[in-house]
RNA sequence: GGGCCGGUAGCUUAGUCAGGCAGAGCGAUGGACUCUUAAUCCAUCGGCCGAGGGUUCAAAUCCCUUCCGGCCCGCCA
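Below is the structure:
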């Protein structure tokens, strides 16, 4: 069999067969928090973009913010007062926080910042500006003139009859400001205006430039024509027979005289067990939230490793750590080749810094240090990691901090207790004797490494070892009479330090805690009487 | 009812376009490191490729049928 190609290469090769000049378009409506489900569209497009460029075609990547669409309803995250804005274009509605130019900008801004961090740099268009500047006027004229032909295509392809009063153009009522209620009663192609009657009682005339927009099924092919789009990813909702890609394909050919773009159909990202991600149901992890938690490469990796037509199950809890691990492992391996190499390349976001500290380790280090960055740096240094890039370590530690707060499952969390935990009462005499002996040795030793601690604990089971001798002495038994199970000793350590029976790998866990503190804590625990 | 996409190891999946010994990661198991304890390394186990039929020297791959899951066909992306 031939060498395996990454899906983005397959897309690129197909594109190259169609021509050597390309424009890849993406479009998302910023009607709510733009989530990682939406992100798939842009990241998928970016993969195709990078590959087509690599194959040598002149290519442009654009992102269209569909901010001229109406607000559909008062979403759960909106105050009731937004009821009056339902039906108005989201570029014309006030921002929920009061600080952005519009409702649309409020959600667009964090998304565009996210793109930047993901290493994705499309040329950004805003639909309201294109409409207002008159870029759509020719398309609007054509669509109004050929209204019956479009209606026929819609009927033939989707099987639905359009209503007699249907128009491809939705005017904005000058009175109630809504874009989805007014009925078109006529138009003047020379004056470039459209007449309407609105159920609110108002009737009037609006300019084609900015006075309204084309209905979605016509708007999309009009954009293909206007921006000369050759490749476009879209969600599977558009892809079924009779859907908007099907109707768009015929409309763009027969009405606008242009070839439709090469489709890239992608599946949804499912959030854990909660089902598909969707802004309207509130099942959402926003991109900004995700970027608080993981490096951008990991998010790209999530999407690059899976073919677009396959759904992705995403869980920001424990499984996210596995994902991060997998990525780090791959990234650290200089010998990756073939498909994995491709995936890795495509996951790269430019200008992101790296540290050699695994995310998982940092979750422990961070918790040991109670989030104190100076302490974190000390521990990191003692553990032998590269500390030259403090900025990266700071970023990683911020990610870990957010993850622990937002998504970490309880068992991943622990805290070094300031006071001796009361669970210490459950320890056996042997365990207490062990802790006492351990305390003495720690106190008498110089600085101990993770390995030292590890070996030390295991030495407890060896008759004749320093630790073993001290234990038998405390218990008043003969040296060869005592059998020690290291497992129990580890439990004793976790119990007296964390108040729980297990914890992170003991050696480097202990080595990240202050030595005097440990000596004192173990000594206290050994004599603890409730 | 019509259609689209998926179904491959316990889990996540590559491979399907272009037929040629079914691959990987995680997990599990065993081992190594004086060492079961959220680390590392090595090894092993694990598959009726959803099911049935057809084409072929040869099928996870192509064709037909069928089951399961998700979604679309509401000009509400």
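In the working numbering, the protein residues as written are 1432 to 1961. Ideal Cβ positions, reconstructed from N, Cα and C, are used throughout, including at glycine.
Which term fits residue i, buried or exposed, when burial requires 16 or more other beta carbons within 10 angstroms of its beta carbon?
i            : result
residue 1433 : Because residue 1433 carries a pLDDT of 46, less than 50, the predicted location of this residue cannot be relied on, and no value is offered for it.
residue 1679 : buried
residue 1747 : buried
residue 1532 : exposed
residue 1916 : exposed
residue 1469 : buried
residue 1442 : buried
residue 1798 : buried
residue 1601 : buried
residue 1507 : exposed
residue 1693 : buried
residue 1841 : exposed
residue 1463 : buried
Going by beta carbon distance, what residues of the same chain come within less than 8 Å of residue i, once the five residues before and after it are set aside?
i            : result
residue 1617 : 1625 and 1626
residue 1779 : 1550, 1728 and 1731
residue 1435 : 1769 and 1770
residue 1843 : 1749, 1752, 1794 and 1835
residue 1510 : 1527
residue 1951 : 1870
Tell me which same chain residues have a C-beta within less than 7 Å of the C-beta of residue i, skipping the five on either side of it?
i            : result
residue 1566 : 1657
residue 1630 : 1612
residue 1581 : 1574, 1599, 1649, 1682 and 1686
residue 1596 : 1614
residue 1800 : 1806, 1807 and 1810
residue 1804 : 1825 and 1828
Can you list, in chain order, the residues of its chain whose CB lies under 6 Å from that of residue i, leaving out five sequence neighbours each side?
i            : result
residue 1955 : 1851
residue 1837 : none
residue 1957 : 1863, 1866 and 1867
residue 1724 : 1830, 1833 and 1834
residue 1440 : 1482
residue 1878 : none
residue 1659 : 1454
residue 1854 : 1926 and 1930
residue 1661 : 1453, 1454 and 1692
residue 1913 : 1903
Less than 8 Å between the CB atoms is what I'm expecting for residue i and residue j, so what's the real figure, rounded?
i            : j            : result
residue 1487 : residue 1719 : Contact flag wrong, Cβ pair sits at about 35 Å.
residue 1767 : residue 1775 : 6 Å
residue 1827 : residue 1788 : 6 Å
residue 1477 : residue 1499 : The Cβ separation is near 24 Å, so there is no contact.
On the three-state DSSP scale, how would you describe residue i?
i            : result
residue 1453 : strand
residue 1765 : coil
residue 1603 : coil
residue 1863 : helix
residue 1490 : strand
residue 1627 : strand
residue 1501 : strand
residue 1459 : strand
residue 1614 : strand
residue 1567 : coil
residue 1921 : helix
residue 1541 : helix
residue 1621 : coil
residue 1466 : strand
residue 1572 : helix
residue 1635 : strand
residue 1717 : strand
- Message: What ranges does the alpha helix (DSSP H) occupy inside the stretch 1642-1706, keeping only unbroken runs of at least 4 residues that lie completely in it?
- Response: Taking only runs of at least 4 residues, the alpha helix (DSSP H) segments lying wholly in the stretch 1642-1706 are 1647-1658 and 1675-1685.
- At what residue ranges does the stretch 1721-1795 contain a whole run of the beta strand (DSSP E), taking only runs of 3 or more? The DSSP assignment places 1743-1745 as complete runs of the beta strand (DSSP E) inside the stretch 1721-1795, in order along the chain (cut-off: 3 residues).
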